[in-house]
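Q: The structure's right below; bear with me while I get my questions together.
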Amino acid sequence: VKFTLEQINERIGGKIEGDGAIEITSVGSITDAGVGQITFLANPCYIRNLSTSTASAIIIAPDIKPPKDKNLIIHENPSIAFMKAMELFCPAPRPVPHGIDKSASVDPGSEIDPAASIQAMAYVGPGTKIGAGTVVSPLSYIGEGCTLGQNCLIYPNVTILDGSQIGDNVIIHSSSVIGSDGYGYITVDDRHTKIPQNGIVVIEDDVEIGSNVSIDRARFDKTIIKQGVKIDNLVQIAHNVTIEKNCLVVAQCGISGSTEVGEASILAGQAGIGGHLKIGHHSVITAQSGLGKSIEPKSMFSGSPARPFQQEQRAKASVYKLPDLIKTVRALEKKVKELEEAAQVNQDT
Amino acid sequence: VKFTLEQINERIGGKIEGDGAIEITSVGSITDAGVGQITFLANPCYIRNLSTSTASAIIIAPDIKPPKDKNLIIHENPSIAFMKAMELFCPAPRPVPHGIDKSASVDPGSEIDPAASIQAMAYVGPGTKIGAGTVVSPLSYIGEGCTLGQNCLIYPNVTILDGSQIGDNVIIHSSSVIGSDGYGYITVDDRHTKIPQNGIVVIEDDVEIGSNVSIDRARFDKTIIKQGVKIDNLVQIAHNVTIEKNCLVVAQCGISGSTEVGEASILAGQAGIGGHLKIGHHSVITAQSGLGKSIEPKSMFSGSPARPFQQEQRAKASVYKLPDLIKTVRALEKKVKELEEAAQVNQDT
Amino acid sequence: VKFTLEQINERIGGKIEGDGAIEITSVGSITDAGVGQITFLANPCYIRNLSTSTASAIIIAPDIKPPKDKNLIIHENPSIAFMKAMELFCPAPRPVPHGIDKSASVDPGSEIDPAASIQAMAYVGPGTKIGAGTVVSPLSYIGEGCTLGQNCLIYPNVTILDGSQIGDNVIIHSSSVIGSDGYGYITVDDRHTKIPQNGIVVIEDDVEIGSNVSIDRARFDKTIIKQGVKIDNLVQIAHNVTIEKNCLVVAQCGISGSTEVGEASILAGQAGIGGHLKIGHHSVITAQSGLGKSIEPKSMFSGSPARPFQQEQRAKASVYKLPDLIKTVRALEKKVKELEEAAQVNQDT
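Protein chains in written order, with the numbering used here: chain A, 130 to 478; chain B, 130 to 478; chain C, 130 to 478.
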């Protein structure tokens, strides 16, 4: 594949500075791209790489000072522009064969759309419906009474347990588990008796779920992941949780039972969220924070236990002044004692 | 299915207030249950939902002020009572076919009880014994020389590696791994040489293990999970760990090598426990804490590194007073300086 | 199997004290080993077990005071010495059958070395090359266009996705996922559009990867795990990360996108590393720390957000003095007020 910078820009709709006739054969990152490659600058961390890059062309934003002697495309959103450029050079994905692989184990009581793809050694249980364009990759398990919509992509070694309801355009990465039992016991004299977990998991359209994610079924009712939510790897979502539309849940987060995460909220990496809480919409919980109480919409919380971000920042910063503060207070104690003694002497004389 | 409130109460053994003849067709949570449904109040978080619930009946404890105009069952333990009610409405689990699915790969040198169920595309290695009533779900792997007792439920895509010994009534959820190698190397000049991990994992009766859990085999000897322990999702248990009876290990905890967790202890979510420690029985490590030393029985530790709970609470709370404290000390410094100067003047005159 | 202590020492090359003719039949840990077993002392935690051990022989270092009336091997490195002793007693691993199991699903367009072992119900995609001595265990998935070198051990239920390049002597434990998509979206008006993840994962020689690990493919270019790196269980490695040679990444760590971890660095358990950072070689990030900025070689950082270890230790320790410090400052305030009033009176008179 080979395109001139002008041909690429026709697709992108930016403004060329430099040689539009230069030939580009592939894409690369700002740190690595060389001759024949196009790259882009979106993250300010890499601004120092602009002048040293040997890439044949760079996509930059109009507010960036253009480097000298480089071929550029100036574009309002270099990330989106680069994504479009990348599509030019990406090989078309291998077409997926429709139908059921002969090594798959598919229950005769399931309904598989003829345009779905059930691949080698996949399992589909009775009463399960799978829509057109959906791919169940090798070695994945879809239990009994599930629904998968259209154009879903289920990677290998995924487990989707009985009763799960999954919408359209959902992507689930390998080793993730949808519908394991919620963690619920009644304890009498140290012995824990299992509380039946009879609910289901509902995953709406356009959700993406990373690898090694656990999403537990509800005790009754539903654990719900709403439209457009994106979940990273190794995330724990407990029973009866609701995640509203368009939330981002970053790697290794854990959300405890029955909590509701408001629309378009962001839970950063390794954050932990307590049970039975409400997180208002458009909130942010920073990385490694531990949220123990419900919070208002548009909140930003940080720390463990989490506090409002500004308060936490101020308190954390002041901790590092503490060793010096202790010295100051010791010195003050000494001086005050001297003043008291002097005053005593004064009074006595 | 349909029961009157009286019929339900016959099973529960509580005291009805209101209309015992009302018909109930299903169960629901306090926040969602409506007409025709029975619900319960156990968690005080939801007490505000009592008066607004449109559920046809509610199970509450005798110390809760009963809402007006509701049909109630008063019961000492609403959780247990509701669990019994729920069982009335739950469909009986699909009977599991005994025997070995023809697509499973079972070594002829294994011993499978005729009343066990080895399902589609499961693997069982040589020398492994599997007891009556135990289900090995599709796509699970049981290695060589393992023992699984009676009535175990092994979910799909589980991996149980060579030599693992598993008791009766054990539940293991999907994508969990029993018997991966412990993380042990001898390092000379930056190069890490693997220490052979030749021990096994022993899991006693009545243990439940969540999804995506890793339990490493011992270097030699055994990693042991004792009777009645309940482990949540995404937990890490390193080599040579011992978890005594009836412990609760909540999601995303990590326990380092050779540590012993005392009976009926609770490790809350995302807690990390150092290696070679002893945690006394009935101890609690709070969420996200990091324990770096051994602790006495009945301890409650918090923070990272963890300290006794009360001490940690007091210290954490005082941190948020620190920005004001710093201002106070600065003001004191100024005043003391003024007093010193005044005293100097006094002396000079 | 049975060896005299002298026969064992011939293999180890230490110095015997006590009865070299005593017969040893197996190995055990310092806390558990009894008659007929050999054990060792490497971790000072267990020095108290030396005198009470009933093991028939103990390997100790020359700087340890030898216990009375015990049969000993004195050796500079008891861990290595014990490892050699253990090998005497370990059963030889079951020989792995070469070739492709008839229940495996192997694409005819793949190249499998005749001395490789593709086991029951494993999947290998088109264009993939697998080297001599490499074992692909039951139920593992190797996608399209991958390369696996020689003598790799891929445990059951592993997923290696399209294009992954894996060197020689690599071990990957169960339920781990190599090459899931990086977590990358472009967000406009709360809606997240997936950024294609077209790069690959490269894993060099002698790497070991624990169970339930997620390693994401690069957006373009490569996510690289270099030679000799050892990764524990449940670790998250995001897209475009580079881990240099001989690093140790302990359980439940998370490394965010595009970060570079310098050679022979150690990331302790549950540590979180931000994105686009550079960690200098031979650095240490302590357990549960959260690193938010790049650090110099040979740094040791701790806390969340992480600070230099000494500074963090001092600050953390001082926090527990804070409740008392607050009392001291309150008392000082009172005294200073009294001094001021006295001074005022003085002046007035």
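Every residue, glycine too, gets a C-beta built ideally from N, C-alpha and C.
Rounding to the nearest angstrom, what Cα-Cα distance links Cys275 of chain C and Gln294 of chain C in this structure?
A: The residue labelled residue 275 of chain C in the question sits at position 146 within the third sequence. The residue labelled residue 294 of chain C in the question sits at position 165 within the third sequence. C-alpha separation (whole angstroms): 6 Å.
Q: Leaving aside the five residues before and after Tyr314 of chain A along the sequence, list all residues of the same chain whose C-beta is less than 7 Å from its C-beta, in chain order.
A: In the first sequence, the residue the question calls residue 314 of chain A occupies position 185. The residues are His321, Thr322, Lys323, Ile324.
Q: Give the DSSP-derived three-state secondary structure of Ser428 of chain C in the structure shown.
A: On the third sequence, position 299 is the one that residue 428 of chain C refers to. Ser428 of chain C falls in the coil class under three-state DSSP.
Q: Taking only runs that begin and end inside the region 375-443 of chain A, name each unbroken beta strand (DSSP E) of 3 or more residues, in chain order.
A: Complete beta strand (DSSP E) runs here, min 3: 429-431.
Q: Cβ of Thr168 of chain A within 8 Å of Cβ of Ala184 of chain A?
A: Counted from its first residue, the first sequence places residue 168 of chain A at position 39. Counted from its first residue, the first sequence places residue 184 of chain A at position 55. It is a contact, given that the beta carbons lie within the stated cut-off.
Q: In angstroms with no decimal places, state the Cα-to-Cα distance between Pro337 of chain A and Val342 of chain B.
A: The sequence position of residue 337 of chain A within the first sequence is 208, counting from 1. The sequence position of residue 342 of chain B within the second sequence is 213, counting from 1. Here residue 337 of chain A turns out to be Glu, not Pro, going by the sequence shown. Near 22 Å, if we compare the C-alpha coordinates of Val342 of chain B and Glu337 of chain A.
Q: Which class does Thr263 of chain B belong to by DSSP, given the choice of helix, strand or coil?
A: Reading the second sequence from its first residue, position 134 is the one you call residue 263 of chain B. Thr263 of chain B: coil per DSSP, three-state reduction.
Q: Arg320 of chain B lies in the alpha helix (DSSP H); which residues open and close that run?
A: For the purposes of this step, residue 320 of chain B is taken as residue 191 along the second sequence, with counting starting at 1. Premise fails: Arg320 of chain B lies in the beta strand (DSSP E), 320-323, not in any alpha helix (DSSP H).
Q: Locate the alpha helix (DSSP H) running through Ser208 of chain B, then write down its first and last residues.
A: Within the second sequence, residue 208 of chain B is the residue found at index 79, counting from 1. Start and end: 207-218.
Q: Which class does Thr183 of chain B belong to by DSSP, given the choice of helix, strand or coil?
A: As a first step, residue 183 of chain B is located in the second sequence; it is residue number 54 there, counting from the start. Thr183 of chain B: coil per DSSP, three-state reduction.
Q: If you count every other CB in all the chains shown that lies within 10 Å of the CB of Cys219 of chain B, and 16 or more means buried, which is it?
A: As a first step, residue 219 of chain B must be located in the second sequence, where it is residue number 90. Flag for Cys219 of chain B reads exposed.
Q: Do Ala460 of chain C and Ala472 of chain A have their C-beta atoms within less than 8 Å of each other?
A: The sequence position of residue 460 of chain C within the third sequence is 331, counting from 1. The sequence position of residue 472 of chain A within the first sequence is 343, counting from 1. Cβ atoms of Ala460 of chain C and Ala472 of chain A: not closer than 8 Å.
Q: Using a Cβ-Cβ cutoff of less than 7 Å, which residues in the same chain neighbour Ser303 of chain B once the five nearest sequence positions on both sides are dropped?
A: Position 174 of the second sequence, counted from the start, is the residue given in the question as residue 303 of chain B. Correct list, in chain order: Tyr284, Pro285, Asn286, Val287, Ser340.
Q: Could you give the C-beta distance for Asp335 of chain B and Asn298 of chain B, rounded to a whole number, given that I count them as a contact under 8 Å?
A: Here residue 335 of chain B refers to the residue found at position 206 of the second sequence. Here residue 298 of chain B refers to the residue found at position 169 of the second sequence. At roughly 5 Å, the Cβ-Cβ gap stays under 8 Å, so Asp335 of chain B and Asn298 of chain B are in contact.
Q: Give a yes or no on whether 8 Å exceeds the smallest Cβ distance from Phe218 of chain B to chain C.
A: Locating residue 218 of chain B in the second sequence gives position 89, where the first residue counts as 1. So no, Phe218 of chain B is outside the interface.
Q: Just grab the DSSP bridge partners of Gly272 of chain C for me.
A: For the purposes of this step, residue 272 of chain C is taken as the residue at position 143 of the third sequence. In the DSSP output, where bridge partners are listed per residue, Gly272 of chain C has none listed.
Q: Alpha carbons only, please: which of C:Gly398, C:Leu282, C:Lys194, C:Gly386 is nearest the one belonging to Thr352 of chain C?
A: The residue labelled residue 352 of chain C in the question sits at position 223 within the third sequence. Minimum Cα distance to Thr352 of chain C is reached at C:Gly386.
Q: Determine whether the Cβ of Ile315 of chain B lies closer than 8 Å to any Cβ atom of chain C.
A: Along the second sequence, read from residue 1 onward, the residue named residue 315 of chain B stands at position 186. Taking Cβ atoms only, chain C reaches closer than 8 Å to Ile315 of chain B, which makes this a yes.
Q: Of all the residues that make up the region 366-393 of chain B, which are near chain A by a beta-carbon distance shorter than 8 Å?
A: Listed by position, the residues of the region 366-393 of chain B near chain A (Cβ gap below 8 Å) are Lys374, Asn375, Leu377, Val379, Ala380, Gln381, Glu392, Ala393.
Q: Closer than 7 Å, Cβ to Cβ, to anything on chain C: give me those residues from the region 433-465 of chain A, in chain order.
A: Within the region 433-465 of chain A, the residues whose Cβ lies closer than 7 Å to some Cβ of chain C are Val448, Tyr449, Leu451, Pro452, Ile455, Val458, Leu461, Glu462, Val465, listed in chain order.
Q: Please determine, among B:Gly403, B:Asn375, B:Cys376, the residue with the shortest C-alpha to C-alpha distance to Ala380 of chain C.
A: Your numbering for residue 380 of chain C matches position 251 in the third sequence. The shortest C-alpha separation from Ala380 of chain C is found at B:Gly403.
Q: Buried or exposed: which applies to Val474 of chain A, given that a residue is buried once 16 or more other Cβ atoms fall within 10 Å of its Cβ?
A: As a first step, residue 474 of chain A is located in the first sequence; it is residue number 345 there, counting from the start. Counting Cβ neighbours within 10 Å, Val474 of chain A comes out exposed, since fewer than 16 surround it.
Q: Identify the residues that DSSP records as bridge partners of Tyr314 of chain B: which are they?
A: Residue mapping note: residue 314 of chain B aligns to position 185 of the second sequence, counting from 1. In the DSSP output, where bridge partners are listed per residue, Tyr314 of chain B has B:Lys323.
Q: What separation, rounded to the nearest whole angstrom, lies between the Cα atoms of Pro426 of chain C and Ala210 of chain A?
A: On the third sequence, position 297 is the one that residue 426 of chain C refers to. On the first sequence, position 81 is the one that residue 210 of chain A refers to. Pro426 of chain C and Ala210 of chain A: Cα-Cα distance of roughly 37 Å.
Q: In the structure shown, what three-state DSSP assignment does Tyr252 of chain A receive?
A: Mapped onto the first sequence, residue 252 of chain A falls at position 123. In the structure shown, Tyr252 of chain A sits in a strand (DSSP, three-state: E or B).
Q: On the CB-based measure, 16 or more other CB atoms within 10 Å of its CB, does Lys456 of chain B come out buried or exposed?
A: Numbered from its first residue, the second sequence carries residue 456 of chain B at position 327. Its Cβ having fewer than 16 others within 10 Å, Lys456 of chain B is exposed.
Q: Quick one: is Gly142 of chain B buried, meaning 16 or more other Cβ sit within 10 Å of its Cβ, or exposed?
A: Here residue 142 of chain B refers to the residue found at position 13 when the second sequence is read from its first residue. Exposed: under 16 other Cβ atoms inside 10 Å.
Q: Answer with buried or exposed for Asp235 of chain C, where buried requires no fewer than 16 other C-beta atoms within 10 angstroms of its C-beta.
A: Counting from 1 along the third sequence, the entry for residue 235 of chain C is found at position 106. The question names Asp, but residue 235 of chain C in the sequence shown is Val. Buried, because 16 or more other Cβ atoms sit within 10 Å of the Cβ of Val235 of chain C.
Q: Which residue comes first and which comes last in the beta strand (DSSP E) that contains Lys351 of chain B?
A: Looking up residue 351 of chain B in the second sequence gives position 222. Start and end: 351-354.
Q: What residue does the beta strand (DSSP E) around Lys144 of chain C start on, and which one ends it?
A: By 1-based counting over the third sequence, the position of residue 144 of chain C is 15. Looking at the DSSP string, the run of the beta strand (DSSP E) that includes Lys144 of chain C is 144-146.
Q: Closest to Ile137 of chain B by C-alpha separation, out of B:Arg443, B:Leu217, B:Arg348, B:Gln417, would be which residue?
A: Against the second sequence, residue 137 of chain B aligns to sequence position 8. The shortest Cα separation from Ile137 of chain B among B:Arg443, B:Leu217, B:Arg348, B:Gln417 belongs to B:Leu217.
Q: Using a C-beta to C-beta distance shorter than 7 Å, which residues of chain B count as neighbours of Met250 of chain C?
A: Locating residue 250 of chain C in the third sequence gives position 121, counting from the first residue. Per Cβ cutoff of 7 Å: Ser234, Met250, Tyr252.
Q: Under a Cβ-count criterion, where at least 16 other Cβ atoms within 10 Å of its own Cβ denotes burial, should Gln399 of chain A be classed as buried or exposed?
A: By one-based count along the first sequence, residue 399 of chain A stands at place 270. Buried.
Q: Would the beta-carbon of Gly268 of chain B fall within 8 Å of that of Met250 of chain B?
A: Against the second sequence, residue 268 of chain B aligns to sequence position 139. Against the second sequence, residue 250 of chain B aligns to sequence position 121. Correcting the residue identity first, residue 268 of chain B is Leu in this sequence and not Gly. Their beta carbons are under 8 Å apart, which means Leu268 of chain B touches Met250 of chain B by this criterion.
Q: Helix, strand or coil, according to DSSP, for Val474 of chain C in the structure here?
A: Reading the third sequence from its first residue, position 345 is the one you call residue 474 of chain C. DSSP places Val474 of chain C in helix when its eight states are reduced to three.
Q: Which one of B:Ala233, B:Ala245, B:Pro207 has the shortest CA to CA distance from Tyr252 of chain B?
A: Residue mapping note: residue 252 of chain B aligns to position 123 of the second sequence, counting from 1. Cα-wise, what sits closest to Tyr252 of chain B is B:Ala233.
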